[in-house]
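K.L.:
Numbering of the sequence shown is given in the numbering used here, commencing with residue 12 and proceeding in unit increments.
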Amino acid sequence: MIRRDFLKTLGVAAAGAAVGLPAAARAAANREFIDGVEPGGSLNNLDLNLRPIKPEVDKQTTIIVIGAGSRGSTYARYAEMFPYALKVVGVSDILEHRCRRTADKHGVPAEHRFGDWSEVFKVPKFADAVIVSTPDDVHYAPCMKALEMGYHVLLEKPVSPTEKECKSILAQAKKYDRIVAVCHVLRYAPYFVALREIVRSGAIGEIVSVQHMEPIQYAHMAHSYVRGNWRNSKLSTPIILAKSCHDLDILRWIIDKPCKTIVADGSLHLFKPENAPEGAPMKCTDGCPHESTCPYSAIDIYTKQKRHLNVFDLDGNKDPDFILQRLKTPPYDSYARCVYHCDNDQPDHYVAEMVFEGGKTAAFSMEAFAPAGGRRTRIMGTMGYIEGDGTRFTLWDFLTRTPKVWDRKVSEIQEYKGAGHGGGDYALERDFVEAVAFNDPGRLSSTIDVSIESHVMGFAAERSRRSGRKEKV
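1) Compute the Euclidean distance between the alpha carbons of V444 and C349, then round it to the nearest angstrom.
2) How is the beta strand (DSSP E) around S278 delimited, first residue to last?
3) Given that a residue counts as buried once 16 or more other Cβ atoms are within 10 Å of its Cβ, and exposed if not, what is V134?
4) Does the CB of V143 have a neighbour CB from chain B at under 8 Å?
5) Please confirm if the stretch 262–278 is in contact with the stretch 455–472, defined as three or more CB-CB distances below 8 Å between the two stretches.
6) Using alpha carbons as the reference points, say which of V221, G395 and P306 lies closest to A233.
7) For E122, count neighbouring Cβ atoms within 10 angstroms of its own Cβ and tell me buried if that reaches 16, exposed if not.
8) Leaving out five residues on either side along the sequence, give the residues of the same chain with a beta carbon under 8 Å from the beta carbon of L279.
9) Indicate, with yes or no, if the ligand COA has a heavy atom lying under 7 Å from the CB of S144.
10) What residue does the alpha helix (DSSP H) around S475 start on, and which one ends it?
11) Could you tell me the boundaries of the beta strand (DSSP E) in which F404 lies?
12) Pop quiz: A379 and A275 are said to be a contact at Cβ under 8 Å. What is the actual Cβ separation, rounded to whole angstroms?
13) Report yes if the CB atom of V149 is closer than 8 Å to the CB atom of A157, and no otherwise.
14) Does DSSP classify S129 as helix, strand or coil?
15) Counting along the chain, where does the beta strand (DSSP E) carrying E378 start and finish?
16) Is the beta carbon of V102 less than 8 Å from the beta carbon of I74?
17) Y199 and L410 - do their beta-carbons sit closer together than 8 Å?
18) Kindly list the residues whose CB is nearer than 7 Å to the CB of S475, restricted to its own chain and excluding five residues on each side of it in sequence; keep chain order.
19) Answer yes or no: do G401 and Y236 have a C-beta to C-beta separation smaller than 8 Å?
20) Taking just the CA atoms, how far does R387 sit from A214?
21) Using 8 Å as the threshold, is the stretch 106–121 in touch with the stretch 130–144, meaning 3 or more CB pairs across them?
22) With 16 other CB atoms within 10 Å as the buried threshold, where does H231 fall?
23) Locate the alpha helix (DSSP H) running through A87, then write down its first and last residues.
24) Give me, in chain order, the residues of the same chain whose beta-carbon lies closer than 6 Å to that of M391; leave out the 5 immediate sequence neighbours on both sides.
25) Only counting the same chain, and skipping five residues up and downstream in sequence, which positions put a Cβ closer than 6 Å to that of E473?
26) Once you ignore the five residues that flank V484 on each side, which residues in its own chain have a CB closer than 7 Å to its CB?
27) How many Å lie between K371 and T173 at the Cα?
28) Is the beta carbon of A192 less than 8 Å from the beta carbon of L166?
29) CB-CB under 7 Å to G290, same chain, minus the five flanking residues each way: which ones, in chain order?
30) Taking its Cβ as the centre, do 16 or more other Cβ atoms sit within 10 Å of S478, making it buried, or is it exposed?
31) Where does Y351 sit, in a helix, a strand or coil, going by DSSP?
32) Helix, strand or coil: how does DSSP classify E364 here?
33) Candidates D267, T393, A287 and P342: which alpha carbon is nearest S2's?
34) Please identify the residue among H223, A96 and A309 whose C-alpha is closest to the C-alpha of P66.
35) Assuming V191 is part of the beta strand (DSSP E), what are its boundary residues?
36) For H257 and H195, which I take to be in contact (beta-carbon distance under 8 Å), what is that distance rounded to the nearest angstrom?
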């Protein structure tokens, strides 16, 4: 859709709109928009060609879940919703109760219940595809073996902890002519679909620059990147990939040009032993004298706020005393650790500046110390400006001087009801199921081919952060 046609869809007549506002009026209008005064129109009727998350297939795809934690269980749930299209026929997890829970739910026979991932591939191929949702450092080996044995792969992000391994997976997929979909689910979320479609329409002219911030949220940072699985870059993946490869992917997707150079900085500022308050024990459950005044208290985050409970295998029991008992019991007690006494090394603030082909620039910021999540994006074009917060964005058109807002709630979009990540989880899985059923990777937005580029950007950013030099991508 060209800019003229896009303006028509908004009910705006471009002809005659070039009459300029007085400088004071322009400033006032812009100030009202920036300060958040309700804009004067809606973009909610924009046709995004959103498809239902229900797959359109005439054959059932069979799949093995390797890693039955939070993400693996989420993807397996799609088979419960659409059993005619997807069936879980195998489950692997080193934690027996997680394997049993998912396998029982899907009626997986005993001979197809496995512990370590390697056991899956000791038997002949018995499914169409596998889901690899293991920890980051256990993506590469099962993915490579699955491709070798002829399985298609739904691969949780990030692809792998090293650039070499990422490229090897791409080469393996091509060698065996298999489909690998990377779980860049934000590409499928209606908010980002709408954002990209408006940019592609030419409504803001040519993109010149983008500012994008990912506020992790302080409790989420403490849970995942100080205490949790992604706390140490040597044991998982650098945080720019573990947390923010989604964001690099979205920047590349929206700008739609290759990134040429990147320079990054950031460090671990707060969560270090030297910052521990006097008398703080190794765990919050050890009678810490500061527990009631610490915003990072594990007791507060898990038993009172009841955040991030999926790691505790509660099976629906959210009683505070039960959660507290879990916090005192291995292996869950790792989440009770004092945030100043963990083996973490991930930065709690991270900035990167990117230059894309054609001189377009992007500034990215990842911030731990924010009260809430929700990505913030500003897109500056030659004919307009967009500002959004992850659920709602406003388009300011320089020609018409009329701001328009997009704020459709995913819960109210019939096609996307029940899908996480802003509606993206099951839309991705729909496309993967269809791609496998029809052997057509073109049905996917996030194939391994296109996902590798944003990963390469992340590895370049991390090299720059550590070396202090600008890196070519």
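Note that beta-carbon positions come from the ideal geometry of N, C-alpha and C, so glycine has one too.
P.N.:
Checking against the coordinates, here is how it stands:
1) One-based indexing of the sequence shown puts residue 444 at position 433. One-based indexing of the sequence shown puts residue 349 at position 338. Rounded to whole angstroms, V444 and C349 show a C-alpha spacing of 42 Å.
2) Position 267 of the sequence shown holds residue 278. Residue range C270 to S278 is occupied by the beta strand (DSSP E) that includes S278.
3) Mapped onto the sequence shown, residue 134 falls at position 123. In summary, V134 is exposed, with fewer than 16 beta-carbon neighbours lying within 10 Å of its beta-carbon over all protein chains present.
4) Absent from the structure: chain B. Only one protein chain is present.
5) Verdict: yes, contact present.
6) Here residue 233 refers to the residue found at position 222 when the sequence shown is read from its first residue. Nearest option by C-alpha distance: P306.
7) Residue 122 sits at position 111 when you count from the first residue of the sequence shown. Answer is exposed; the Cβ neighbour count stays below 16.
8) Reading the sequence shown from its first residue, position 268 is the one you call residue 279. Taken in chain order, the residues that qualify are N355, D356, Q357, P358 and D359.
9) With respect to the ligand COA, the structure shown offers nothing to examine, as it has no ligands at all.
10) In the sequence shown, residue 475 corresponds to position 464, counting from 1. S475 -> alpha helix (DSSP H) spans I459 to S478.
11) Translated into positions along the sequence shown, residue 404 becomes position 393. F404 -> beta strand (DSSP E) spans F404 to D408.
12) For this step, residue 379 is matched to residue 368 along the sequence shown. For this step, residue 275 is matched to residue 264 along the sequence shown. By a beta-carbon distance limit of 8 Å, A379 does not contact A275. Their separation comes to about 16 Å.
13) For the purposes of this step, residue 149 is taken as residue 138 along the sequence shown, with counting starting at 1. For the purposes of this step, residue 157 is taken as residue 146 along the sequence shown, with counting starting at 1. Contact flag unset, no.
14) Here residue 129 corresponds to residue number 118 of the sequence shown, with the count starting at 1. Helix, per DSSP.
15) One-based indexing of the sequence shown puts residue 378 at position 367. The continuous beta strand (DSSP E) containing E378 extends over residues T372 to E378.
16) Start at 1 with the first residue of the sequence shown, and residue 102 comes out as number 91. Start at 1 with the first residue of the sequence shown, and residue 74 comes out as number 63. V102 places its beta carbon 8 Å or farther from that of I74.
17) In the sequence shown, the residue the question calls residue 410 occupies position 399. In the sequence shown, the residue the question calls residue 199 occupies position 188. For the 8 Å CB-CB criterion, L410 and Y199 do not form a contact.
18) As a working mapping, residue 475 is identified with position 464 in the sequence shown. Scanning its chain for C-beta atoms nearer than 7 Å, with the 5 sequence neighbours on each side dropped, one finds around S475 the residues I273, V274, A275, K481 and E482, in chain order.
19) Position 390 of the sequence shown holds residue 401. Position 225 of the sequence shown holds residue 236. In this structure, the beta-carbon distance from G401 to Y236 does not fall below 8 Å.
20) Along the sequence shown, read from residue 1 onward, the residue named residue 214 stands at position 203. Along the sequence shown, read from residue 1 onward, the residue named residue 387 stands at position 376. Answer to the nearest angstrom: the Cα atoms are 20 Å apart.
21) When C-beta atoms of the stretch 106–121 are compared with those of the stretch 130–144, fewer than three pairs fall below 8 Å, so the two segments do not count as touching.
22) The count along the sequence shown starts at 1 and reaches residue 231 at position 220. With a threshold of 16 other beta carbon atoms within 10 Å, H231 meets it and is buried.
23) One-based indexing of the sequence shown puts residue 87 at position 76. Unbroken alpha helix (DSSP H) run through A87: S81 to M92.
24) Mapped onto the sequence shown, residue 391 falls at position 380. Beyond the five residues adjoining it in sequence on each side, M391 comes within less than 6 Å, by CB distance, of V219 and S220 in the same chain, given in chain order.
25) Here residue 473 refers to the residue found at position 462 when the sequence shown is read from its first residue. Excluding sequence neighbours, E473 sits near P249 and I251.
26) Stepping through the sequence shown from its first residue, residue 484 is reached at position 473. In its chain, beyond the 5 residues on either side, C270, K271, T272, I273, V467, M468 and A471 have a beta carbon closer than 7 Å to the beta carbon of V484.
27) Numbered from its first residue, the sequence shown carries residue 371 at position 360. Numbered from its first residue, the sequence shown carries residue 173 at position 162. Straight through space, the alpha carbons of T173 and K371 are spaced by roughly 27 Å.
28) Position 181 of the sequence shown, counted from the start, is the residue given in the question as residue 192. Position 155 of the sequence shown, counted from the start, is the residue given in the question as residue 166. Yes, the Cβ-Cβ distance between A192 and L166 is below 8 Å.
29) Taking the first residue of the sequence shown as position 1, residue 290 is located at position 279. Excluding residues within five positions, the ones whose Cβ falls inside 7 Å are P300.
30) Against the sequence shown, residue 478 aligns to sequence position 467. In this structure S478 is exposed. Its beta-carbon is surrounded by fewer than 16 other beta-carbon atoms within 10 angstroms.
31) Translated into positions along the sequence shown, residue 351 becomes position 340. Coil.
32) Mapped onto the sequence shown, residue 364 falls at position 353. For E364, the secondary structure class from DSSP, reduced to helix, strand or coil, is strand.
33) Look at the range of the chain in this structure, 12 to 484, and you will see that residue 2 is not part of it.
34) Looking up residue 66 in the sequence shown gives position 55. Nearest option by C-alpha distance: A96.
35) Within the sequence shown, the letter at position 180 stands for residue 191. Start and end: V191 to V193.
36) Looking up residue 257 in the sequence shown gives position 246. Looking up residue 195 in the sequence shown gives position 184. Contact between H257 and H195 holds, with the beta-carbon distance rounding to 6 Å and staying under 8 Å.
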